[in-house]
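Respectively, the protein sequence lines represent chains A and B. Take the first sequence: its position 35, counted from the start at 1, is 35 in the UniProt record's numbering, and no numbers get skipped. Take the second sequence: its position 45, counted from the start at 1, is 45 in the UniProt record's numbering, and no numbers get skipped. Idealized CB from N, CA, C, for every residue including glycine. Please read the structure below before turning to the comments.
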Amino acid sequence: MRKKKSVRTVTALMLSISVAAAMMADIARAAAETNADKGFRWRNGAEVYSKVCSYCHEGQVGPRLFGRELPPEYTRAVVRNGNRAMPPFRTSEIDDESLAKLAEYIQRN
Amino acid sequence: MSNKYIALPKGISEKTFDSAIGDFRSVLGDAAVLTSAQQLAPYIKTMMPVPDSDHTPSAALMATTVEEIQKIVGICNRYKVPIWTISTGKNLGYGSAAPVERGQVVLDLKRMNRILEVDKDLAYALVEPGVTYKQLYDHIAEHKLGLWLSMPAPSAIAGPVGNTLDRGVGYTPYGEHFLFACGMEVVLANGEVLRTGMGSMPNSNTWQVFKWGYGPYLDGIFTQSNYGIVTKFGFWLMPAPPAFKPFVIQYENEEDIVEIVEIIRPLRISGVIPNAVVIAHALYEAPVKARRSDYVTGPGSIPDAAVRKLAKDHHLGIWNLYAALYGTPEQNEVNWKIVTQAFGKSGKAKILTEREAGDDPAFKYRASLMRGDMTLQEFSLYNWRGGGGSMWFAPVSQARGSETLKQMALTKEILAKYGLDYSGEFIVGMRDMHHIVDVLYDKTDPGQVKAAYQCFDELLTIFSAQGYGTYRVNTAFMDKVAETYGPVQRQVHKTLKKALDPNGILAPGKSGIR
Ligand SMILES: Cc1cc2nc3c(=O)[nH]c(=O)nc-3n(C[C@H](O)[C@H](O)[C@H](O)COP(=O)(O)OP(=O)(O)OC[C@H]3O[C@@H](n4cnc5c(N)ncnc54)[C@H](O)[C@@H]3O)c2cc1C
Numbered sequence: 001m002r003k004k005k006s007v008r009t010v011t012a013l014m015l016s017i018s019v020a021a022a023m024m025a026d027i028a029r030a031a032a033e034t035n036a037d038k039g040f041r042w043r044n045g046a047e048v049y050s051k052v053c054s055y056c057h058e059g060q061v062g063p064r065l066f067g068r069e070l071p072p073e074y075t076r077a078v079v080r081n082g083n084r085a086m087p088p089f090r091t092s093e094i095d096d097e098s099l100a101k102l103a104e105y106i107q108r109n
Numbered sequence: 001m002s003n004k005y006i007a008l009p010k011g012i013s014e015k016t017f018d019s020a021i022g023d024f025r026s027v028l029g030d031a032a033v034l035t036s037a038q039q040l041a042p043y044i045k046t047m048m049p050v051p052d053s054d055h056t057p058s059a060a061l062m063a064t065t066v067e068e069i070q071k072i073v074g075i076c077n078r079y080k081v082p083i084w085t086i087s088t089g090k091n092l093g094y095g096s097a098a099p100v101e102r103g104q105v106v107l108d109l110k111r112m113n114r115i116l117e118v119d120k121d122l123a124y125a126l127v128e129p130g131v132t133y134k135q136l137y138d139h140i141a142e143h144k145l146g147l148w149l150s151m152p153a154p155s156a157i158a159g160p161v162g163n164t165l166d167r168g169v170g171y172t173p174y175g176e177h178f179l180f181a182c183g184m185e186v187v188l189a190n191g192e193v194l195r196t197g198m199g200s201m202p203n204s205n206t207w208q209v210f211k212w213g214y215g216p217y218l219d220g221i222f223t224q225s226n227y228g229i230v231t232k233f234g235f236w237l238m239p240a241p242p243a244f245k246p247f248v249i250q251y252e253n254e255e256d257i258v259e260i261v262e263i264i265r266p267l268r269i270s271g272v273i274p275n276a277v278v279i280a281h282a283l284y285e286a287p288v289k290a291r292r293s294d295y296v297t298g299p300g301s302i303p304d305a306a307v308r309k310l311a312k313d314h315h316l317g318i319w320n321l322y323a324a325l326y327g328t329p330e331q332n333e334v335n336w337k338i339v340t341q342a343f344g345k346s347g348k349a350k351i352l353t354e355r356e357a358g359d360d361p362a363f364k365y366r367a368s369l370m371r372g373d374m375t376l377q378e379f380s381l382y383n384w385r386g387g388g389g390s391m392w393f394a395p396v397s398q399a400r401g402s403e404t405l406k407q408m409a410l411t412k413e414i415l416a417k418y419g420l421d422y423s424g425e426f427i428v429g430m431r432d433m434h435h436i437v438d439v440l441y442d443k444t445d446p447g448q449v450k451a452a453y454q455c456f457d458e459l460l461t462i463f464s465a466q467g468y469g470t471y472r473v474n475t476a477f478m479d480k481v482a483e484t485y486g487p488v489q490r491q492v493h494k495t496l497k498k499a500l501d502p503n504g505i506l507a508p509g510k511s512g513i514r
């Protein structure tokens with residue numbers, strides 16, 4: 001329970017700094033037909049973790065990932081292939097570069 | 001068998017496919033055309049009890065613009081290559097991101113993810129297919145728009161376009177999602193771009209506020225169908241209410257579903273309870289709190305006595321009705337009186353609010369869903385059996401107590417024959433209830449895989465024989481369900497298909513339509 005709280009604080013932090021995506025969406029109204037706006041992009045591994053993985057891996061659905069020094073290759077493989085109850089994620093959802101950052105982020109934390 | 005590709009579309013030679021892939025690459029660039037086993041891995045895993053090879057795609061295309069999609073359908077027509085469109089691609093338990101038939105090319109629109117417009121005053125959004133609920137939620141929070149989303153339980157990782165196009169549901173007053181859809185942009189198989197409703201008129205500013213337009217209403221034919229590729233999607237959002245009061249009402253016996261539904265129906269139809277309610281069986285909520293192995297070992301479905309013990313240990317009813325009031329505190333107070341009086345009469349109901357149940361993990365995630373907050377807690381279901389096997393059995397029932405009891409008993413009986421548990425709930429409706437049962441099994445256990453397949457097949461056979469149709473089904477059983485709705489509807493679907501997509505390039509087999 002204590003752990004959970006600290007993660008929610010991190011999530012809130014990530015939300016409050018997610019300016020770039022929001023600004024892009026803001027100008028989208030004007031740019032809708034010209035495709036000037038490129039849409040959503042991940043900024044770093046922490047953002048992917050908090051906006052995707054944490055909902056299952058901090059919430060009793062999947063095992064905890066932090067504090068285990070999981071090898072990045074392992075994390076990348078599980079994310080791309082899925083495993084049993086773990087759904088896979090496509091490059092269209094989490095691009096290779098962001099996945100690499102995410103896997104390192106998980107190993108470090 | 002091809003060596004170069006992990007699968008080929010039905011009736012297409014490797015040589016022809018080579019040419020098509022070459023053309024796709026010239027439109028999208030090499031990096032957006034995926035063909036290797038490694039690249040395609042995340043499109044292959046499904047939760048269905050059939051070999052993943054039955055649904056393995058030949059390639060995936062990551063398009064980001066309408067123009068690219070127009071060119072793609074041109075190429076598909078030229079080579080007769082079929083494409084299977086996904087938006088956020090998280091149709092878990094209904095086929096995931098994999099195509100209905102082996103060899104189809106997945107058109108993955110996840111990267112087409114711009115939020116084009118959110119109008120605070122008129123409370124609507126216009127988005128592209130790849131937008132997730134999470135992305136939209138953050139956008140609304142960031143701009144303090146004061147609007148609530150309605151989303152399915154996979155909230156953060158799914159999206160409004162794919163969910164609504166498959167006629168999915170959520171848990172707020174806007175929970176029957178297609179009711180709140182307003183205006184689509186669709187790329188047709190011939191490359192033309194249709195904007196439905198008011199969107200057809202140049203310079204109209206009422207596309208997202210008036211659903212019907214002029215003449216036959218077309219939006220419906222682009223849901224659960226393969227008549228077009230939706231590239232923009234409008235829908236209504238709910239203004240955040242001044243007060244929100246979630247509650248759970250627990251009952252101790254399976255037969256009590258009769259009383260629950262008889263009481264809830266008039267409250268739903270009159271709007272006293274405005275949201276898409278859930279009446280969840282203890283076994284649907286149990287995985288959030290308990291482990292199956294603590295209550296039952298060995299094969300076979302979980303015995304009733306174990307379910308009763310589990311419910312008691314974990315403060316669950318055998319039925320748990322989750323609903324909420326939305327309004328000013330005064331409005332909610334008046335409606336709360338009506339609700340508590342109605343459910344208080346028989347003395348069987350245990351009524352709990354946030355005050356009593358606020359820390360309960362099941363109550364918490366249900367309350368989040370009813371206010372459109374992100375949670376993936378419901379995925380605990382997958383820990384019940386483990387091994388990642390799941391199919392949603394989703395028959396429609398009248399909102400009549402006797403009918404819901406009959407459907408529950410019948411489902412439970414058939415599941416038990418195959419050693420599977422009744423993880424069921426009744427959700428959404430005013431006059432109907434979606435009866436939603438997660439047929440959970442261990443996909444790593446060949447015995448359970450076989451049992452799950454046969455069980456699901458029997459559920460469909462027996463239910464349709466009794467006149468109960470399913471509202472949605474996974475890609476392994478689409479033909480079977482299409483069959484249950486009779487030949488005339490099937491023929492009309494086919495006629496439309498021929499007219500709109502004569503080469504059959506768009507998702508042939510979706511909803512049994514070819
Ligand atoms: C634990 C759990 C709980 C769930 N709870 C719910 C729930 O409460 N309510 C619910 O509705 N579902 C639920 N689901 C099922 C499913 O995960 C959701 O419905 C999810 O929203 C569907 O995935 P998606 O939004 O990514 O849509 P997608 O997978 O992108 O699309 C779904 C289908 O729509 C069609 N389609 C998609 N995009 C297009 C397009 N652009 N043009 C034409 N056709 C298109 C395709 O046939 C596609 O297969 C649940 C699943 C799980 C595992």
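Assign B:P173 to buried or exposed, taking buried as 16 or more other Cβ atoms, counted over all protein chains shown, within 10 Å of its Cβ.
Classification of B:P173: buried, given that the 10 Å Cβ count is 16 or more.
Which class does B:K90 belong to by DSSP, given the choice of helix, strand or coil?
The answer is coil: DSSP assigns B:K90 none of H, G, I, E or B.
For A:G45, would you say it is in contact with chain B, using Cβ-to-Cβ distances shorter than 8 Å as the test?
Residue-level contact by beta carbon fails for A:G45 and chain B, as no gap is shorter than 8 Å.
What residue does the beta strand (DSSP E) around B:R195 start on, and which one ends it?
It spans V193 to R195 - the beta strand (DSSP E) in which B:R195 sits, taken as one unbroken run.
8 Å Cβ cutoff, B:G388 in contact with chain A
Closer than 8 Å to some Cβ of chain A, the Cβ of B:G388 qualifies, so yes.
Applying the criterion that 16 or more other CB atoms from any shown protein chain within 10 Å of the CB defines a buried residue, is B:Q38 buried or exposed?
The residue is exposed, with fewer than 16 neighbouring Cβ atoms inside 10 Å.
Which residues in the same chain have their Cβ closer than 7 Å to the Cβ of B:H315, if we skip the five residues on either side of it in sequence?
Sequence-distant Cβ neighbours of B:H315 in its own chain, meaning closer than 7 Å and more than five residues away, are D360.
Would you call B:V334 buried or exposed, if buried means 16 or more other Cβ atoms sit within 10 Å of its Cβ?
Classification of B:V334: exposed, given that the 10 Å Cβ count is below 16.
In angstroms, rounded to a whole number, what distance separates the CA positions of B:Y422 and B:K412?
Between B:Y422 and B:K412, the C-alpha separation is close to 5 Å.
Which of helix, strand or coil DSSP assigns to A:E93
In the three-state reduction of the DSSP assignment, A:E93 falls in the coil class.
I want to check one thing, is the minimum distance from the CB of B:N163 to the heavy atoms of ligand 1 below 7 Å?
It does: the Cβ of B:N163 is within 7 Å (strictly closer) of some heavy atom of ligand 1.
May I ask you to report which of helix, strand or coil DSSP gives B:Q208?
It is coil, neither helix nor strand.
Cβ shell of B:A240 (< 6 Å), same chain only, five flanking positions each side left out:
Excluding the 5 residues flanking it on each side, B:A240 has same chain C-beta neighbours closer than 6 Å at G146 and W148, in chain order.
Which residues in chain A sit within 7 Å of B:T444, going by Cβ to Cβ distance?
The contacting residues are R84.
Going by alpha carbons, who is nearest to B:K90 out of B:E425, B:T132 and B:V437?
For the residues B:E425, B:T132 and B:V437, the minimum Cα distance to B:K90 belongs to B:T132.
Go ahead and pull the three-state DSSP assignment for B:T495.
Here B:T495 sits in helix by DSSP.
Compute the Euclidean distance between the alpha carbons of B:L352 and B:A286, then round it to the nearest angstrom.
Straight-line Cα distance between these residues: approximately 18 Å.
Establish whether the CB of B:L369 and some CB of chain A are separated by less than 8 Å.
Interface annotation, B:L369: not in contact with chain A, CB-CB separation never under 8 Å.
Measuring CB to CB, does A:Q107 end up less than 8 Å from A:E69?
Between A:Q107 and A:E69, the gap from beta carbon to beta carbon is short of 8 Å.
So which of B:K10, B:E68, B:S511 and B:P502 has the shortest CA-CA distance to B:Y485?
Measuring C-alpha to C-alpha distances from B:Y485 to each of B:K10, B:E68, B:S511 and B:P502 identifies B:S511 as the nearest.
Between B:M370, B:G344 and B:R355, which has its C-alpha nearest B:L325's C-alpha?
Across the set B:M370, B:G344 and B:R355, the C-alpha of B:M370 shows the shortest separation from the C-alpha of B:L325.
In whole angstroms, give me the CA-to-CA distance for B:V81 and B:L107.
For B:V81 and B:L107, the distance between alpha carbons rounds to 12 Å.
Quick one: list the residues of chain A neighbouring B:R111, beta-carbon separation under 8 Å, in chain order.
G39 and S92, listed in chain order.
Three or more beta-carbon pairs under 8 Å between the segment 154 to 171 of chain B and the segment 118 to 137 of chain B, yes or no?
Yes, since at least three Cβ pairs between the segment 154 to 171 of chain B and the segment 118 to 137 of chain B fall closer than 8 Å, the two stretches touch.
Pick from A:E97, A:Y105, A:N109 and A:T91 that is closest to B:T35, judged by C-alpha positions:
Cα-wise, what sits closest to B:T35 is A:T91.
Residue from A:N83, A:M86 and A:A77 with nearest C-alpha to A:A100
If we check each option's Cα against that of A:A100, A:A77 comes out closest.
Which parts of the segment 293 to 341 of chain B are runs of the alpha helix (DSSP H), unbroken and 4 residues or longer, counting only runs that do not cross its ends?
If we require 4 residues or more, the alpha helix (DSSP H) runs fully inside the segment 293 to 341 of chain B come out as 304 to 313.
Spell out a yes or no on whether the segment 362 to 376 of chain B and the segment 222 to 232 of chain B are touching, meaning 3 or more CB-CB pairs, one atom from each, closer than 8 Å.
Fewer than three Cβ pairs drawn from the segment 362 to 376 of chain B and the segment 222 to 232 of chain B lie within less than 8 Å of each other, which leaves the two stretches out of contact.
Just tell me which of B:L109, B:V428, B:S390 and B:T495 has its CA closest to the CA of B:A451.
Taking the Cα of B:A451 as reference, the smallest distance to any Cα among B:L109, B:V428, B:S390 and B:T495 is reached at B:S390.
Which residue comes first and which comes last in the beta strand (DSSP E) that contains B:G389?
Bounds of the beta strand (DSSP E) holding B:G389 are G388 to F393.
As a quick exercise: from B:E254, B:T65, B:G103 and B:G175, pick the residue whose alpha carbon is nearest that of B:V186.
Nearest C-alpha to B:V186: B:T65.
So that I know if they touch, is there some Cβ in chain B lying closer than 8 Å to that of A:Q107?
For A:Q107, the answer is no, since every Cβ of chain B falls outside 8 Å of its Cβ.
Output the distance between the C-alpha atoms of B:Y171 and B:L179, rounded to the nearest integer angstrom.
About 13 Å.
At a Cβ threshold of 8 Å, is A:Y55 touching chain B?
At least one CB of chain B lies nearer than 8 Å to the CB of A:Y55.
Can you list, in chain order, the residues of its chain with a C-beta nearer than 7 Å to that of B:D52? Leave out the 5 residues immediately preceding and following it.
Cβ within range, chain order: I44, K45 and T46.
Is B:E378 a contact residue of ligand 1, with contact defined as CB to any heavy atom under 7 Å?
Yes, ligand 1 has a heavy atom inside 7 Å of this Cβ.
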